[in-house]
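Visitor: Numbering (our numbering), first residue to last: 1 to 317.
Every residue gets a Cβ at the ideal spot worked out from N, C-alpha and C, and that includes glycine.
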Ligand code: GDP
């Protein structure tokens, strides 16, 4: 019988960007899934986390809820990012162990890695330094939650896994300029510049930083596979292993949107970490899988979705 059949699964953040794609995939597994809403269960309160678990009685919790965004929101709201992500995660794990959850899936982030490593980011290097200063508030919270997972296994026997995700993009991403990551931000800028006939588009930084971009639905597939197959407490990377410079990314988005103007690089905005690519040999081995969607194909799907749903996408904070 499949791992998911008749399981009760709670997806926190299930109405958000990644969460909606996880839920779409869960629909085909025969499980019963629940998406708690923030208005009803505010996970920054332990009692609310407890009530949520008492209500849904899940066997599996996928903790995808997060308050986060791209490089800019980390500069605007570092305190809120730190507090909400740390406390939500800590409360949910505490509630999970009180309510005998069988498997807790913690969604982590590549922002947890040390900020100045030269090579691809391998799991063994996770603890070897502080995250980059542009993302340290978010990155550290998830690292602390990985320690909570160790402590909770030791004292309470809670089984959990910690998945380190690279930069995601895709339909239903956040396109708001304060919060968006680079892919969504640039898609919006190029589509709007094309529509308005603007002669140039501002892109932040120097164009030299290297990032890895994972199509959100591939990421959802990886999370379900990992929930099923991965058992160890040590964090596991989820990515493509492919690096792309911001310059190349901007040029691809320009081509796919058909924008005829030019790019203006605004070097007063931060580059952030110069290179962020995950080392994914463990993911390949454990999941026996790798992401099927190329960056080009993913950009085409995302841009088509954005153009068709622009108003809804722009209004989402
Ligand atoms: P990061 O991976 O945490 O640094 O987050 P982002 O996805 O926000 O940014 C990645 C890179 O894209 C950084 O070097 C940014 O400076 C660059 N970038 C260029 N233009 C933009 C933009 O309009 N918005 C964002 N968020 N990043 C941009």
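(1) Could you give the DSSP three-state label for residue 296: helix, strand or coil?
(2) Is residue 132 closer than 8 Å to residue 273 when the C-beta atoms are compared?
(3) Quick one: is residue 38 near chain D, going by C-beta distance under 8 Å?
(4) Nearest CA to the CA of residue 106: which residue from 196, 96, 189?
(5) Is residue 162 near ligand 3, with its Cβ less than 7 Å from a heavy atom?
(6) Could you tell me which of 121, 206, 108, 55 sits nearest to residue 65, measuring between CA atoms?
(7) Hey, would you say the C-beta of residue 142 is under 7 Å away from at least one heavy atom of ligand 1?
(8) Alpha carbon to alpha carbon, how far is residue 3 from residue 162?
(9) Is the beta carbon of residue 9 less than 8 Å from the beta carbon of residue 60?
(10) Between which residues of its own chain and residue 220 is the CB-CB distance below 8 Å, once the five residues before and five after are set aside?
(11) Could you tell me whether the stretch 123-130 touches the stretch 85-92, using the rule of 3 or more Cβ pairs below 8 Å?
(12) Please look up how many angstroms separate the CB atoms of residue 275 and residue 187, rounded, as I've assumed it's under 8 Å.
(13) Let's test the definition: count the other Cβ atoms within 10 Å of the Cβ of residue 155 and tell me whether it reaches 16, buried, or not, exposed.
(14) Pop quiz: residue 138 and residue 74 are said to be a contact at Cβ under 8 Å. What is the actual Cβ separation, rounded to whole angstroms?
(15) Between residue 231 and residue 159, what straight-line distance do the alpha-carbon atoms span, to the nearest angstrom?
(16) Excluding the 5 residues preceding and the 5 following residue 6 in the sequence, name in chain order all residues of the same chain whose CB lies nearer than 8 Å to its CB.
(17) Within its chain, find whatever has a CB closer than 7 Å to the CB of residue 185; leave out the 5 residues flanking it on each side and keep chain order.
(18) According to DSSP, simplified to helix, strand and coil, what is residue 318?
(19) Does the count of Cβ pairs from the stretch 199-214 and the stretch 242-253 closer than 8 Å reach three?
(20) At a cut-off of 7 Å, is residue 78 close to ligand 1 when judged by its beta-carbon and the heavy atoms of the ligand?
(21) Helix, strand or coil for residue 246? Go by DSSP, reduced to three states.
(22) Can residue 55 be considered in contact with ligand 1, in the sense that its beta carbon sits closer than 7 Å to one or more heavy atoms?
(23) Taking 7 Å as the line, does the beta carbon of residue 219 fall inside it for any heavy atom of ligand 1?
(24) Leaving out five residues before and five after residue 56 in sequence, what residues of the same chain have Cβ atoms less than 6 Å from its Cβ?
(25) Return the bridge partner residues of residue 70 from the DSSP annotation.
(26) Just verifying my parser: in three-state terms, what is the DSSP assignment at residue 161?
(27) So the candidates are 135, 102, 304; which of them puts its Cα closest to the Cα of residue 79?
(28) What are the start and end residues of the beta strand (DSSP E) that includes residue 262?
(29) Just to confirm the assignment: which complete alpha helix (DSSP H) runs, minimum length 4, are found wholly within the stretch 77-124?
(30) From 203, 151, 297, pick the residue whose C-alpha is nearest to that of residue 266; which is it?
(31) Given a threshold of 16 other Cβ atoms within 10 Å of its Cβ, counted over all protein chains shown, does residue 255 qualify as buried or as exposed?
Guide: This is what the structure holds:
(1) For the purposes of this step, residue 296 is identified with residue 296 of the chain shown, where counting begins at 1. Three-state result, residue 296: helix.
(2) For the purposes of this step, residue 273 is taken as the residue at position 273 of the chain shown. For the purposes of this step, residue 132 is taken as the residue at position 132 of the chain shown. For residue 273 and residue 132, yes; Cβs fall inside 8 Å.
(3) In the structure shown, chain D does not exist; there is a single protein chain.
(4) Counting from one through the chain shown, the residue named residue 106 turns up at place 106. The candidate whose alpha carbon is nearest that of residue 106 is 96.
(5) Ligand 3 is not part of the structure shown, which contains ligand 1 as its ligands.
(6) Start at 1 with the first residue of the chain shown, and residue 65 comes out as number 65. Minimum Cα distance to residue 65 is reached at 108.
(7) By one-based count along the chain shown, residue 142 stands at place 142. Not under cutoff, so the answer is no.
(8) For this step, residue 3 is matched to residue 3 along the chain shown. For this step, residue 162 is matched to residue 162 along the chain shown. Whole-angstrom Cα-Cα distance: 18 Å.
(9) As a working mapping, residue 9 is identified with position 9 in the chain shown. As a working mapping, residue 60 is identified with position 60 in the chain shown. Cβ atoms of residue 9 and residue 60: closer than 8 Å.
(10) Position 220 of the chain shown holds residue 220. For residue 220, where only same-chain residues beyond five positions count, the Cβ hits under 8 Å are 18, 21, 22, 24, 25.
(11) no
(12) One-based indexing of the chain shown puts residue 275 at position 275. One-based indexing of the chain shown puts residue 187 at position 187. That pair is no contact at about 23 Å.
(13) To locate residue 155, count along the chain shown from 1; it is residue 155. It is exposed - the Cβ of residue 155 has fewer than 16 other Cβ atoms within 10 Å.
(14) Within the chain shown, residue 138 is the residue found at index 138, counting from 1. Within the chain shown, residue 74 is the residue found at index 74, counting from 1. 6 Å between Cβ atoms; contact.
(15) For the purposes of this step, residue 231 is identified with residue 231 of the chain shown, where counting begins at 1. For the purposes of this step, residue 159 is identified with residue 159 of the chain shown, where counting begins at 1. Their backbone Cα atoms lie some 8 Å apart in a straight line.
(16) Position 6 of the chain shown holds residue 6. Closer than 8 Å at the Cβ level, and outside the excluded window around residue 6, lie 30, 31, 32.
(17) Here residue 185 corresponds to residue number 185 of the chain shown, with the count starting at 1. Here the set comprises 70, 177.
(18) No answer is possible for residue 318: the residues shown for the chain start at 1 and end at 317.
(19) yes
(20) Locating residue 78 in the chain shown gives position 78, where the first residue counts as 1. It does not: the Cβ of residue 78 is nowhere closer than 7 Å to a heavy atom of ligand 1.
(21) Taking the first residue of the chain shown as 1, we reach residue 246 at position 246. Here residue 246 sits in helix by DSSP.
(22) In the chain shown, residue 55 corresponds to position 55, counting from 1. Not so, every heavy atom of ligand 1 lies at least 7 Å from the Cβ.
(23) Sequence index remark: in the chain shown, residue 219 carries index 219 (1-based). No, the Cβ of residue 219 stays beyond 7 Å of every heavy atom of ligand 1.
(24) As a position in the chain shown, residue 56 is number 56, starting the count at 1. Around residue 56: 10, 34.
(25) Translated into the one-based positions of the chain shown, residue 70 becomes position 70. Per DSSP, none; premise fails for residue 70.
(26) The count along the chain shown starts at 1 and reaches residue 161 at position 161. Strand.
(27) Counting from 1 along the chain shown, the entry for residue 79 is found at position 79. Nearest C-alpha to residue 79: 135.
(28) On the chain shown, residue 262 is found 262 positions in, with the first residue counted as 1. Where residue 262 is concerned, the enclosing beta strand (DSSP E) stretches over 262-266.
(29) 78-98
(30) Here residue 266 refers to the residue found at position 266 when the chain shown is read from its first residue. The candidate whose alpha carbon is nearest that of residue 266 is 203.
(31) Translated into the one-based positions of the chain shown, residue 255 becomes position 255. The residue is exposed, with fewer than 16 neighbouring Cβ atoms inside 10 Å.
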